[in-house]
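Just remember that my numbering sits 499 ahead of the position in the sequence shown, which is counted from 1. The beta-carbon is built from N, C-alpha and C at its ideal position, and this holds for glycine as well. Inspection log for the structure reproduced underneath, given as structure tokens.
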Amino acid sequence: HHCNFHYPISNNKYLEIILDPEYKALFENIVSTDILNFKANKSYEDILQNVPDNAEAINCYYGTIDKHKVVLSIMDFKFIGGSMGSAVGEKIAKSIKLALEKNCSLIIVCQSGGARMQEGALSLMQLSKVSAHLSNFSKKGGLYISVLTYPTTGGVTASFGMQADITIAEPKALIGFAGQRVIKQTTSQDLPEGFQTSEFLMEKGFVDLIVDRNSLKNKLINILSVLK
Numbered sequence: 500h501h502c503n504f505h506y507p508i509s510n511n512k513y514l515e516i517i518l519d520p521e522y523k524a525l526f527e528n529i530v531s532t533d534i535l536n537f538k539a540n541k542s543y544e545d546i547l548q549n550v551p552d553n554a555e556a557i558n559c560y561y562g563t564i565d566k567h568k569v570v571l572s573i574m575d576f577k578f579i580g581g582s583m584g585s586a587v588g589e590k591i592a593k594s595i596k597l598a599l600e601k602n603c604s605l606i607i608v609c610q611s612g613g614a615r616m617q618e619g620a621l622s623l624m625q626l627s628k629v630s631a632h633l634s635n636f637s638k639k640g641g642l643y644i645s646v647l648t649y650p651t652t653g654g655v656t657a658s659f660g661m662q663a664d665i666t667i668a669e670p671k672a673l674i675g676f677a678g679q680r681v682i683k684q685t686t687s688q689d690l691p692e693g694f695q696t697s698e699f700l701m702e703k704g705f706v707d708l709i710v711d712r713n714s715l716k717n718k719l720i721n722i723l724s725v726l727k
């Protein structure tokens, strides 16, 4: 008996699970920079210097899922908590534009702590920027599927994580906006059992499907064959 908790996995693992073998990596030239000369315990520049070349909190690909063309963007929690800065916002915006151009579906695997504090308002602006692009994509009939994984929180939940036509979540994933401790302190209320889990959100109608990783590709194939 396993508890079926889906621990975070790497970008490459999601690639293997979702896309057919022939695919193309996109927008690798877009990387984070320390625009504000942000200093805290450790300067943002130092943090960025310690990450591998061309690494970013999201990676984008163009490929197929059982012959269905898709643009796939995968967030990576290992890169500064999968936080959303200008580079992430730009890569998602470009992914949406490409999906429109190629007339194909867009899939985003979300895994994030929220907005990237080290980029201040520039980071927050990405939420509205991506939302505007998604709204246009939707008006033009584009199909967008989001896959919410452990953890999907903060600004990502407040924007593109929850704006999909079909919202899939992995079992027992933590999905929410503010942390539970903050909510408790603010509201002085006890939180219901299972609060901010995939199962709780599905019960309340925020999530359409809860899908195990090993069934994810087949489920996506089903959705794409019916809706595309």
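- Going by DSSP, LYS596 is part of the alpha helix (DSSP H) stretching over 585 to 600.
- In the DSSP assignment, THR686 falls within the alpha helix (DSSP H) that extends over 679 to 686.
- In the structure shown, GLY660 falls within a helical segment according to DSSP collapsed to helix, strand and coil.
- Annotated three-state conformation of GLY580 is helix, per DSSP.
- Contiguous beta strand (DSSP E) elements confined to the region 529 to 571 occur at 557 to 564, taking only those with 3 or more residues.
- Straight across, the Cα-Cα distance linking LEU518 with LEU621 is about 32 angstroms.
- By the neighbour-count criterion, in which 16 or more other beta carbons inside 10 Å mark a residue as buried, ALA524 falls on the exposed side.
- Taking 8 angstroms as the cut-off, the Cβ atoms of ASP575 and ILE557 count as close.
- Inter-residue distance for TYR649 and SER572 is about 16 angstroms (C-alpha atoms, whole angstroms).
- The beta-carbon distance between TYR560 and LEU514, rounded to whole angstroms, is 7 angstroms. This is short enough to meet the 8 angstroms contact definition.
- With respect to GLN610, GLY588 sits apart: the two C-beta atoms are not nearer than 8 angstroms.
- Counting along the chain, the unbroken alpha helix (DSSP H) around ALA620 starts and ends at 619 to 638.
- Distances from the CA of THR666 to each of GLN679, GLU618, LYS718 and VAL629 were compared; the closest alpha carbon is that of LYS718.
- Around the beta-carbon of SER724, fewer than 16 other beta-carbon atoms lie within 10 Å, marking it exposed.
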